[in-house]
Amino acid sequence: DAGITQSPRHKVTETGTPVTLRCHQTENHRYMYWYRQDPGHGLRLIHYSYGVKDTDKGEVSDGYSVSRSKTEDFLLTLESATSSQTSVYFCAISEQGGTNEKLFFGSGTQLSVL
Amino acid sequence: AQSVTQLGSHVSVSEGALVLLRCNYSSSVPPYLFWYVQYPNQGLQLLLKYTTGATLVKGINGFEAEFKKSETSFHLTKPSAHMSDAAEYFCAVSGRNNNDMRFGAGTRLTVKP
Numbered sequence: 032d033a034g035i036t037q038s039p040r041h042k043v044t045e046t047g048t049p050v051t052l053r054c055h056q057t058e059n060h061r062y063m064y065w066y067r068q069d070p071g072h073g074l075r076l077i078h079y080s081y082g083v084k085d086t087d088k089g090e091v092s093d094g095y096s097v098s099r100s101k102t103e104d105f106l107l108t109l110e111s112a113t114s115s116q117t118s119v120y121f122c123a124i125s126e127q128g129g130t131n132e133k134l135f136f137g138s139g140t141q142l143s144v145l
Numbered sequence: 399a400q401s402v403t404q405l406g407s408h409v410s411v412s413e414g415a416l417v418l419l420r421c422n423y424s425s426s427v428p429p430y431l432f433w434y435v436q437y438p439n440q441g442l443q444l445l446l447k448y449t450t451g452a453t454l455v456k457g458i459n460g461f462e463a464e465f466k467k468s469e470t471s472f473h474l475t476k477p478s479a480h481m482s483d484a485a486e487y488f489c490a491v492s493g494r495n496n497n498d499m500r501f502g503a504g505t506r507l508t509v510k511p
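These protein sequence lines map, in sequence, to chains E and U. When you line the first sequence up against this note's numbering, it's residues 32 to 145, in that order. When you line the second sequence up against this note's numbering, it's residues 399 to 511, in that order.
Written out as structure tokens, the structure is:
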């Protein structure tokens, strides 16, 4: 299994509070991704990173920010959590971000915003 | 832009029966197509992928999929279902790079004894 650790695994928080999710990889892969998974929508890309301090928006980036200060760590921050951000969040990595590369996924973080 | 439609959010088969999970795609560039599987409380794992070349792709656990450009389809099949195949399956299409990847809504496969 690819060395990807997401923390926390479960989080319950209140509307309006900031939340940070962490993804840590031991594979030294260049690309890292944050997805959210919602019933009926599959996985949707929030943000991705193509190197240290290099990030870009995905399909559903509103309300989220990211940071990557080290190759191995990719943080997802909800500045002010809303109930619509209740979801399962997955981190993924790929070696070079190529179009035919497979993604390796972490085990996910279940976030509930009350 | 890429998109994927998975026909059927739930599929139920008996153990030993044929598994057929349907996926149709739309892509503005030659597509790369993937099937991922998600077991309960786990992340997604790659089952198989189509890039170029042979249109019949074999994956892990006895699954295979056939790329049909004329039908814009990439259906997943397995001749004989096993109880351990019960999971959620996602079809995905990639465009020019991985950040263009789009996933379908998923199909939950139930296998009855």
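For glycine and all other residues, C-beta sits at the position ideal for the given N, C-alpha and C.
Asked: Counting pairs of Cβ atoms below 8 Å between the region 51–68 of chain E and the region 119–133 of chain E, do you hit three or more?; Found: yes
Asked: Since E/L142 and E/K42 are thought to touch, with beta carbons under 8 Å apart, how far apart are those beta carbons, to the nearest angstrom?; Found: 5 Å
Asked: To the nearest angstrom, how far is the alpha carbon of U/L419 from that of U/S492?; Found: 19 Å
Asked: How would you write the range of the beta strand (DSSP E) that E/G78 sits in, first residue to last?; Found: Note on residue identity: the sequence assigns His, not Gly, to residue 78 of chain E. That run of the beta strand (DSSP E) goes 73–82.
Asked: Pop quiz: U/A503 and E/G73 are said to be a contact at Cβ under 8 Å. What is the actual Cβ separation, rounded to whole angstroms?; Found: 5 Å
Asked: May I ask which residues mark the beginning and end of the beta strand (DSSP E) holding U/A485?; Found: 485–492
Asked: Among the residues of its own chain, which have a CB less than 6 Å from the CB of E/T44, if the five just before and after it don't count?; Found: V50, A112, V144
Asked: Grab me the residues of U/M499's own chain with a C-beta within less than 6 Å of its C-beta, minus the 5 sequence neighbours each way, in chain order.; Found: A490, S492
Asked: Would you mind sorting U/P428 into buried or exposed? The rule is 16 or more other CB atoms within 10 Å of its CB.; Found: exposed
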